[in-house]
Structure formats: C-alpha cells, structure tokens
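**Q** Sharing a structure here in structure tokens format.
Numbering (this note's numbering), first residue to last: 126 to 284.
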C-alpha cells in the first residue's frame with residue numbers, strides 16, 4: 126500500500142512481512158496469539174523510568190533487540206546475560222511488564238503493548254526483533270535454547 130507524506134508517495138511498511146522467510150522462526154513453546162515471526166512488531170505506549178515513550182522508540186537502535194516480557198521476577202538475569210555476552214554489541218535486551226515497574230524496565234501501564242503482542246501479562250515470553258522492526262524469532266517461556274540455535278544458524282561468526 127502507498128501512503129501520502131507531504132505530497133509524496135511512499136510505500137507503507139506495515140503490510141510487509143517476512144513470514145515465509147527461512148531467516149525467521151517460531152520457537153517452542155509456541156505463542157498462540159499476536160504477530161508471528163516475520164511480521165512487524167506492533168507499537169504501543171510504554172514508559173521507562175517514569176518517562177513516556179513507545180515500544181518502537183525504545184527498540185530504535187540499529188541492533189537486534191531481545192524483548193523479554195512477563196512478570197519481572199519471571200526472567201532470571203543469567204540466561205539473557207549469557208546470550209548478550211555471546212553477541213556483544215549485537216543484541217540489546219529489554220524487559221516489558223505490566224507489573225510495578227523496576228528501573229530500566231519497560232512498563233506497559235495501559236496493557237496495550239501486551240494486547241498487541243497477544244500476550245497474557247502473567248506469562249513470560251521472548252521476541253527477537255530485527256533492526257528493521259520485524260520479529261525474527263518468538264517463543265513462550267524462559268528457555269533461550271531455541272533462540273541460541275536460531276542465532277547460531279544465521280550469525281555463526283557473531284557468537
């Protein structure tokens with residue numbers, strides 16, 4: 126689709142997806158709802174350290190982003206750190222929760238981010254978001270083994 130922007134025509138990237146690409150994957154346990162791997166990460170209002178922002182702005186750096194969602198205590202620090210240590214400068218980690226915000230955590234006060242991601246706020250999940258804003262990998266739970274295998278397949282020299 127085309128959208129008008131100040132008299133010009135630009136393709137709208139909202140309709141672009143890469144679901145058929147071998148470079149994206151649905152992990153296990155599978156997430157039943159929300160945008161699938163290959164689709165664009167939806168935007169929603171969030172805040173971080175009591176400053177309003179959006180999910181897209183929070184994940185705007187030109188890197189991959191590991192979005193860990195669910196209760197703050199549902200994610201042990203070590204698995205995500207190990208993944209980040211294996212891919213230094215390649216993956217930024219973000220945590221998203223509906224619960225009481227902790228420093229540095231994206232707080233979904235309205236619940237819009239969780240709804241748009243098709244997530245129950247009490248369940249943990251993880252999404253790897255590419256620099257272009259599309260989901261490269263997603264799965265429920267805290268086991269990052271499938272994500273590690275996915276990364277090793279597509280970025281063998283990085284880890």
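Even glycine gets a Cβ: it sits at the ideal position worked out from N, Cα and C.
Mind checking which residues open and close the beta strand (DSSP E) that includes residue 189?
**A** 189-194
**Q** What did DSSP end up calling residue 129 once you bin it into helix, strand or coil?
**A** Confidence is the limiting factor: at residue 129 the pLDDT is only 40, short of 50, which leaves the residue's position unreliable and the question unanswerable from this model.
**Q** Given this structure, state the Cα-to-Cα distance separating residue 263 from residue 252, to the nearest angstrom.
**A** Our two residues, residue 263 and residue 252, have alpha carbons roughly 4 Å apart in a direct line.
**Q** Which word fits residue 150, buried or exposed, when buried means at least 16 other C-beta atoms lie within 10 angstroms of its C-beta?
**A** buried
**Q** Quick test of the definition: if touching needs 3 or more C-beta pairs under 8 Å, does the stretch 235-253 touch the stretch 151-169?
**A** Because the criterion of three Cβ pairs below 8 Å is met, the stretch 235-253 and the stretch 151-169 touch.
**Q** In terms of residue numbering, what span does the beta strand (DSSP E) encompassing residue 263 cover?
**A** 260-265
**Q** In its own chain, which residues sit with a C-beta less than 7 Å from the C-beta of residue 224, not counting the 5 before and 5 after it?
**A** 196 and 197
**Q** Got a sec? Which residues, its chain only, sit under 6 Å from residue 226 by beta carbon, not counting five neighbours each side?
**A** 232
**Q** Going by C-alpha to C-alpha distance, which of 269, 194 and 169 sits closest to residue 245?
**A** 194
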